[in-house]
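What follows is a set of notes on a single structure, which appears directly below.
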Amino acid sequence: MGERDSCGACRNGEGFAGAITMAFQPIVDAVERKVFAHEALVRGADGASAADVLSSVDANNQYAFDQKCRVRALECAVEAQLPAMVSINFLPNAVYNPEHCLRTTLAAAQRLNWPLSRIIFEVTEHEAVIDHRHLLSILMTYRAHGFLTAIDDFGAGYAGLNLLADFQPDLLKLDIGLIRSIDTDKVRQRIVRHVSQLCDDLGVRVIGEGVETAEESSALLDIGIVLQQGFLFARPVIGKATVPGFPAR
1251 MGERDSCGAC RNGEGFAGAI TMAFQPIVDA VERKVFAHEA LVRGADGASA ADVLSSVDAN
1311 NQYAFDQKCR VRALECAVEA QLPAMVSINF LPNAVYNPEH CLRTTLAAAQ RLNWPLSRII
1371 FEVTEHEAVI DHRHLLSILM TYRAHGFLTA IDDFGAGYAG LNLLADFQPD LLKLDIGLIR
1431 SIDTDKVRQR IVRHVSQLCD DLGVRVIGEG VETAEESSAL LDIGIVLQQG FLFARPVIGK
1491 ATVPGFPAR
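First residue of the sequence shown: 1251, per our numbering; consecutive thereafter.
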């Protein structure tokens, strides 16, 4: 598909037929006990799960789907009156030209009066990135426009340290596999501690993702990871900003 066809397919998300909305899950500062951001997670307008929605995404409509998610995330963030930043997942392989594919996002942010500095773009390691240099171009373009950037699911996918060596995002989200039972797993503690120290040296903030127990949260705090996300604090809720709960100190 050429750039002209891709642009026509993704303009305003019209090439993706499914109706979607967003559920929001908070990313919290576990020391200050406040919300840092809310991640926007796609859902069907009828409440269908992310897996159900994604099952209808293919090579022909991924451009439109990616654009539709960005716009709906911002629209839902405004409707929910999110108190902090909104974090939006994007599909690197659905971005054929970083500048062109930002036009709809920039227009939506302007229309909705949502500051670009309150948008985080997350790239997940689970998607097989076809062109590493193209991904770097996307991330650098987003940073130049004032967006924050994040690598999601770090430690579980395709990019890993190679991506971190070439581009230092604002945020790095540790995969749930590294967080699970970290309070009792000495190996995971050592790995996460060293990754956290590396990121600190590079000026990258770390988020512990998938935190489910107070013990896991405490173990992360002992390592120095204060930004956390998971069911311990709140589950994703469609269309509203959830007030997180915090374990007793």
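C-beta atoms are modelled at their ideal positions from N, C-alpha and C, and glycine is treated no differently. Values in this document were obtained by computation on a predicted structure and should not be read as measured data.
Identify the residues that DSSP records as bridge partners of residue 1367: which are they? Answer is none; residue 1367 lacks a bridge partner.
For residue 1221, does the count of other Cβ atoms within 10 angstroms reach 16, so buried, or fall short, so exposed? Here the chain covers residues 1251 to 1499 and nothing more, so residue 1221 does not appear.
Looking at the secondary structure, which residues open and close the beta strand (DSSP E) in which residue 1477 lies? 1477 to 1479
In chain order, what residues of the same chain have a beta carbon less than 6 Å from the beta carbon of residue 1345, not counting five sequence neighbours either side? 1351 and 1388
How long is the line joining the alpha carbons of residue 1254 and residue 1283, rounded to whole angstroms? With a pLDDT of only 46 at residue 1254, under 50, the local geometry of the prediction cannot be trusted, and the value read off the model is given with reservation. Distance between the alpha carbons of residue 1254 and residue 1283 is about 47 Å.
Can you tell me whether residue 1390 is buried or exposed? The criterion is at least 16 other CB atoms within 10 Å of its CB, across all chains shown. exposed
Three-state secondary structure (DSSP) of residue 1303: helix
Taking DSSP's pairing of strands, which residues face residue 1274 in a bridge? 1290 and 1487
Residues bridged to residue 1455 [DSSP beta-bridge criterion]: 1421
Status (buried if at least 16 other CB within 10 Å, exposed otherwise) for residue 1460: buried
Enclosing alpha helix (DSSP H) for residue 1354 [first to last residue]: 1353 to 1362
Three-way DSSP call (helix, strand, coil) for residue 1313 in this model: helix
What would DSSP say about residue 1398, mapped onto helix, strand or coil? strand
For the alpha helix (DSSP H) holding residue 1412, just list the boundary residues, first then last. 1410 to 1416
How about residue 1442 and residue 1449: do their beta carbons lie closer than 8 Å? no
Cβ-based neighbour list, residue 1475, same chain, cut-off 7 Å, excluding 5 preceding and 5 following: 1446, 1456 and 1458
Report, in whole angstroms, the separation of the C-beta atoms of residue 1489 and residue 1330, which I expect to be a contact under 8 Å. 6 Å
What first and last residue would you give for the alpha helix (DSSP H) that runs through residue 1473? 1464 to 1473
Roughly how many angstroms lie between the CA atoms of residue 1406 and residue 1425, to the nearest whole one? 6 Å
Count the other CB atoms within 10 Å of the CB of residue 1495; is the residue buried (16 or more) or exposed (fewer)? exposed
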